[in-house]
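**Student:** As you go down the protein sequences, you meet chains A and U in turn.
Note that UniProt numbering gives residue 163 to position 163 of the first sequence, counting from 1, and the numbers run on in steps of one.
Note that UniProt numbering gives residue 201 to position 201 of the second sequence, counting from 1, and the numbers run on in steps of one.
The beta-carbon is built from N, C-alpha and C at its ideal position, and this holds for glycine as well.
Everything numeric in this text was worked out from a predicted model, so none of it was measured.
Number of protein chains: 2
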Amino acid sequence: MTKEQILQALSNVEEPDLGKDLVTLNMVKDIEIDGNKVKFTVVLTTPACPLKDLIRSACVNAIHMLVNKEAEVEVVMTANVSSKRNGNGALPGVKNIIVVASGKGGVGKSTVAANLALALGLDGAKVGLMDADIYGPSVPIMFGARGERPMMVSVDGKGMIEPMEKFGIKFMSIGLLIEEREAVVWRGPMASSALRQFVTDVHWGELDYLVIDMPPGTGDIHLTLVQTVPITGAVIVTTPQDVALADAKKGMAMFMGKQINVPILGLVENMAYFTPAELPENKYYIFGKDGGRRLAEEMDVPFLGQIPLVQSIREGGDYGTPIMASEDKVSRKAFLDIAGATARSIAMRNANIAPTKIVDIVV
Amino acid sequence: MTKEQILQALSNVEEPDLGKDLVTLNMVKDIEIDGNKVKFTVVLTTPACPLKDLIRSACVNAIHMLVNKEAEVEVVMTANVSSKRNGNGALPGVKNIIVVASGKGGVGKSTVAANLALALGLDGAKVGLMDADIYGPSVPIMFGARGERPMMVSVDGKGMIEPMEKFGIKFMSIGLLIEEREAVVWRGPMASSALRQFVTDVHWGELDYLVIDMPPGTGDIHLTLVQTVPITGAVIVTTPQDVALADAKKGMAMFMGKQINVPILGLVENMAYFTPAELPENKYYIFGKDGGRRLAEEMDVPFLGQIPLVQSIREGGDYGTPIMASEDKVSRKAFLDIAGATARSIAMRNANIAPTKIVDIVV
Ligand SMILES: Nc1ncnc2c1ncn2[C@@H]1O[C@H](COP(=O)(O)OP(=O)(O)OP(=O)(O)O)[C@@H](O)[C@H]1O
Ligand SMILES: Nc1ncnc2c1ncn2[C@@H]1O[C@H](COP(=O)(O)OP(=O)(O)OP(=O)(O)O)[C@@H](O)[C@H]1O
Ligand SMILES: [Mg+2]
Ligand SMILES: [Mg+2]
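#1: Ignore the nearest five residues each way along the sequence and tell me which others in D30/A's own chain have a CB closer than 7 Å to its CB.
#2: Return the CA-CA distance between K109/U and A339/U, expressed in angstroms with no decimal places.
#3: Just to confirm before moving on: does the CB-CB distance between H203/U and E162/U stay below 8 Å?
#4: Quickly, what does DSSP pair S154/U with across the bridge? List them, please.
#5: Using only alpha-carbon positions, find the residue among R181/U, T2/U, A248/U and K329/U that is nearest to S312/U.
#6: Give the secondary structure of N96/U by DSSP, where H, G and I count as helix, E and B as strand, and everything else as coil.
#7: Assign V23/U to one of three DSSP states: helix, strand, or coil.
#8: Do the CB positions of N68/A and M1/A come within less than 8 Å of each other?
#9: Just the chain U side, please: which residues come within less than 7 Å of P215/A by C-beta, in chain order?
#10: For the stretch 129 to 142 of chain A against the stretch 200 to 217 of chain A, are there 3 or more C-beta pairs whose distance is under 8 Å?
#11: Would the beta-carbon of K357/U be found less than 7 Å away from any heavy atom of ligand 5?
#12: At a Cβ cut of 7 Å, what residues of the stretch 112 to 131 of chain U count as close to chain A, listed as they run along the chain?
#13: Please classify R85/U as buried or exposed, where buried requires at least 16 neighbouring CB atoms within 10 angstroms.
#14: Just curious, the alpha helix (DSSP H) that T218/A is in, first and last residue?
#15: Going by Cα to Cα distance, which pick from I174/A, N88/A and K170/A is closest to A191/A?
#16: Short of 9 Å Cβ to Cβ, which residues in the stretch 271 to 288 of chain A face chain U?
#17: With 16 other CB atoms within 10 Å as the buried threshold, where does M151/U fall?
#18: Are the beta-carbon atoms of F171/U and F198/U separated by less than 8 Å?
#19: Could you name the residues that DSSP lists as bridge partners for T45/U?
#20: Cβ of I141/U less than 8 Å from any chain A Cβ?
#21: Looking at the C-beta of V99/A, does it have a partner C-beta in chain U at a distance below 8 Å?
#22: Check distances from the C-beta atoms of the stretch 164 to 181 of chain U to those of chain A and list, in chain order, the residues that come in under 8 Å.
#23: Look at the alpha carbon of V226/U and the alpha carbon of L245/U, and state the distance between them as a whole number of angstroms.
#24: Report yes if the C-beta of G136/U is less than 7 Å from at least one heavy atom of ligand 4; otherwise report no.
#25: Does the beta-carbon of D213/U, which I'm using as the reference point, lie nearer than 7 Å to any heavy atom of ligand 4?
#26: Ligand 2 and Q241/A: does the residue's C-beta get closer than 7 Å to at least one heavy atom of that ligand?
#27: Hey, is S331/U's beta-carbon within less than 8 Å of any beta-carbon in chain A?
#28: Can you list, in chain order, the residues of its chain whose CB lies under 8 Å from that of G188/U, leaving out five sequence neighbours each side?
#29: Against chain C, with Cβ distances strictly below 8 Å, would W204/A count as a contact?
#30: Identify whether M1/U lies in helix, strand or coil by the three-state DSSP scheme.
#31: Which whole runs of the beta strand (DSSP E) in the stretch 154 to 216 of chain U are 3 residues long or more, in chain order?
#32: Would F287/A and P240/A be called neighbours here (beta carbons separated by less than 8 Å)?
#33: Quick one: grab the DSSP three-state call for T232/A.
#34: Do three or more CB pairs link the stretch 81 to 98 of chain U to the stretch 106 to 125 of chain A at distances below 8 Å?
#35: Would you call the CB atoms of V235/A and V100/A closer than 8 Å?
#36: Using a Cβ-Cβ cut-off of 8 Å (strictly less than) and excluding sequence neighbours within five positions of E4/A, which residues of its own chain qualify?
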């Protein structure tokens, strides 16, 4: 066996999402041949790639079929998270900046943001979670960090805020800089300048993914953010009912608008149904059925998955250990699938769409 | 029997909420005596007064005990909704301006506002509902008025917006002035000036209660509102979980703050528990148990009641007929009780606290 034969064989293996073969995509590295043993590395665009096993077995098959039926094939899977930042804007060390948004309040943006961040980090990606909800920050409670105060560090002579770390990810909330019982009664310009400073003054360092938990609405905070950093894409959260879908549409319309032009990575349907422990076969569609799925079709954006209404998900938020940091298999599965789908959507976005520009209009 | 005797007897009947007797409160009118028949009118401070029957029977008892055991007593109950406006600010014809607010998104502010307005109107009060949620208006969907456009009328030579009417109340939403699918991507100052105009340009006429559905948060819209009209009081809505309670506290802190100083009429706990039809004895405390009740105690504000999580309440919102306009006895009861408690709280506020001032600080 020769390296050329191996590469030739692997050039028949397609990365399904990116629609090109592994060799063209430059994803095969470090081929080592020793008798009828061959070992090589496939560099995925995300460690959370749900197609990992599929790609691995396609590689093995291709070598068996095209090179040597008897070959002992070892495929090492690593990832180099793709990016389309082009070095513009703040936070240059952050490869992908994902906003979790919605228009509607209380649909589970913070819950999805927190658990998405944890799930993306599980396979080794470096992940940060930023809570940009000035008026109603949830991350301090959800990460059990109420009343804690972040440390300051000096970076190149500049004082910066060191993000906290828990459950394997970095996180920071604007709520950790403000007295918890106080209301932030700020006019928009003040809120905006606080946010701008908050975004640029946290020392995130190198990250594969920075997940940003947004407040409800489509106002100042959203505008300021897209004017401060280039957003890789938006994950839209909705619950199934019409009043939520209407606002989710407004949220999408804002991001998709010409001036802002942030790609929609997909839609998450939260609180999809409730199943009482005593009636495990029953699904109660309290907030309606499949509203999110239908909206994704209608708007032609990826549907990232459904999350049921589960008491332990709520408790995870209230008690400071998000469900993804727990042992709860069933609920974890929903978020793991959504994280996989989101990571795929980001990889495709980076492969196919130009970098997001920082919005420079003054609305 | 003489009028004097009757008044003497009725001066022993206390209005329990106001802590004074009916005569001192000037609530007894039109005494007519004919043989052993006596008829008079008690003018309550709200037609939604839940103490109506109690007061009526206390009157009858007092006359039987103190004047004439045999008297045939007829008590006519009417109401003249009390007010503490002192003519300051916009909307001079509106006796009481109630905001429904929360801090937290999605807790049911719009649902409570709509059903509270309908419930207050049931006993004859003149009620309006104003949707001040610029970024995520819900009233057009909740009142089945999607895509409708309000009429303009000329009032004293000025063009004004005529509120719509349905289910016996007037309503108007900022969402009825904006294209539904469009996002309102406005900076704070623009949103504020839109709201200010919206508040002053709707021709509400004479109202006993104007209920205002607020957006989540504690930002521009809230500040602008308290600077435009004097708010009689705030009804705070929360769900039972910690992340919602934390934001509800912030919402209360804003209103109770020295500069803003709007009385809290009380706290509503929404989505308190879920009961599947198949298990009518079971209560699933998905979002936690009694969180709202405990917060009301902790903050020393009236607890206005609990509303369970019921699919028909959600459907009422989505399908354009709020549950208070339906036949659903059980869910209606929850809102009727809350409306009664709110009306009482307003009457007490008007009896005991100075008029709210329009906030003149520029934050
Ligand atoms: N799938 C779920 N099952 C049970 N509870 C959930 C679920 N998703 C979210 N929750 C709970 O619902 C409440 C609202 O969720 P969350 O705070 O994440 O919403 P949000 O969209 O961030 O709200 P806001 O608009 O106020 O920021 C929280 O108490 C959360 O724990
Ligand atoms: N008690 C309840 N039972 C079932 N569904 C409810 C209940 N209360 C509210 N809902 C539903 O929950 C959703 C959120 O309620 P609503 O829109 O009134 O909240 P909100 O606080 O006004 O949200 P926002 O912050 O976005 O303005 C709606 O679909 C509503 O119909
Ligand atoms: Mg949130
Ligand atoms: Mg609302």
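**Tutor:** According to the data block:
#1: Indexing the first sequence from 1 puts residue 30/A at position 30. If we look at D30/A and ignore the five residues flanking it on each side, its Cβ neighbours are F40 and T41.
#2: As a first step, residue 109/U is located in the second sequence; it is residue number 109 there, counting from the start. As a first step, residue 339/U is located in the second sequence; it is residue number 339 there, counting from the start. Roughly 14 Å between the two C-alpha positions.
#3: Working through the second sequence from its first residue, we reach residue 203/U at position 203. Working through the second sequence from its first residue, we reach residue 162/U at position 162. Taking 8 Å as the Cβ cut-off, H203/U and E162/U qualify as a contacting pair.
#4: For the purposes of this step, residue 154/U is identified with residue 154 of the second sequence, where counting begins at 1. Partner(s): G159/U.
#5: Residue mapping note: residue 312/U aligns to position 312 of the second sequence, counting from 1. If we check each option's Cα against that of S312/U, K329/U comes out closest.
#6: By one-based count along the second sequence, residue 96/U stands at place 96. Here N96/U sits in strand by DSSP.
#7: By one-based count along the second sequence, residue 23/U stands at place 23. In the structure shown, V23/U sits in coil (DSSP, three-state: anything other than H, G, I, E or B).
#8: Reading the first sequence from its first residue, position 68 is the one you call residue 68/A. Reading the first sequence from its first residue, position 1 is the one you call residue 1/A. In this structure, M1/A lies closer than 8 Å to N68/A by Cβ.
#9: Residue numbering aside, residue 215/A sits at position 215 when the first sequence is read from its first letter. Simply G217.
#10: yes
#11: By its list of ligands, the structure shown excludes ligand 5, since it contains just ligand 1, ligand 2, ligand 3 and ligand 4.
#12: none
#13: As a first step, residue 85/U is located in the second sequence; it is residue number 85 there, counting from the start. The residue in question, R85/U, is buried, as its Cβ has 16 or more Cβ neighbours within 10 Å.
#14: As a first step, residue 218/A is located in the first sequence; it is residue number 218 there, counting from the start. Neither: T218/A is in no alpha helix (DSSP H) and is coded neither H nor E.
#15: For the purposes of this step, residue 191/A is taken as residue 191 along the first sequence, with counting starting at 1. The shortest C-alpha separation from A191/A is found at I174/A.
#16: F274, P276, A277, E278, L279, N282, Y284, Y285, I286, F287 and G288
#17: Position 151 of the second sequence, counted from the start, is the residue given in the question as residue 151/U. So M151/U counts as exposed.
#18: By one-based count along the second sequence, residue 171/U stands at place 171. By one-based count along the second sequence, residue 198/U stands at place 198. Going by C-beta atoms, F171/U is not nearer than 8 Å to F198/U.
#19: For this step, residue 45/U is matched to residue 45 along the second sequence. Looking at the DSSP assignment, T45/U forms no beta bridge with any residue, so it has no partner.
#20: Counting from 1 along the second sequence, the entry for residue 141/U is found at position 141. For I141/U, the answer is yes, since a Cβ of chain A falls inside 8 Å of its Cβ.
#21: In the first sequence, the residue the question calls residue 99/A occupies position 99. With 8 Å as the cut-off, V99/A does not count as an interface residue toward chain U.
#22: E180 and R181
#23: Numbered from its first residue, the second sequence carries residue 226/U at position 226. Numbered from its first residue, the second sequence carries residue 245/U at position 245. Approximately 23 Å between the Cα atoms of the pair.
#24: In the second sequence, the residue the question calls residue 136/U occupies position 136. Yes, since a heavy atom of ligand 4 falls inside the 7 Å radius drawn around the Cβ of G136/U.
#25: Within the second sequence, the letter at position 213 stands for residue 213/U. Yes.
#26: Within the first sequence, numbered from 1, the residue matching residue 241/A stands at position 241. Under cutoff, so the answer is yes.
#27: Your numbering for residue 331/U matches position 331 in the second sequence. Not an interface residue.
#28: Along the second sequence, read from residue 1 onward, the residue named residue 188/U stands at position 188. Taken in chain order, the residues that qualify are G219 and D220.
#29: Of the protein chains in the structure, A and U, none is chain C.
#30: Locating residue 1/U in the second sequence gives position 1, where the first residue counts as 1. Residue state, collapsed to three classes: coil.
#31: 158 to 162, 164 to 166, 169 to 173 and 207 to 213
#32: By one-based count along the first sequence, residue 287/A stands at place 287. By one-based count along the first sequence, residue 240/A stands at place 240. Yes, the pair counts as a contact, with Cβ atoms nearer than the cut-off.
#33: Translated into the one-based positions of the first sequence, residue 232/A becomes position 232. Correct three-state label for T232/A: coil.
#34: no
#35: By one-based count along the first sequence, residue 235/A stands at place 235. By one-based count along the first sequence, residue 100/A stands at place 100. Yes; because the gap between Cβ atoms is below 8 Å, this pair is in contact.
#36: Locating residue 4/A in the first sequence gives position 4, where the first residue counts as 1. So no residue of the chain qualifies.
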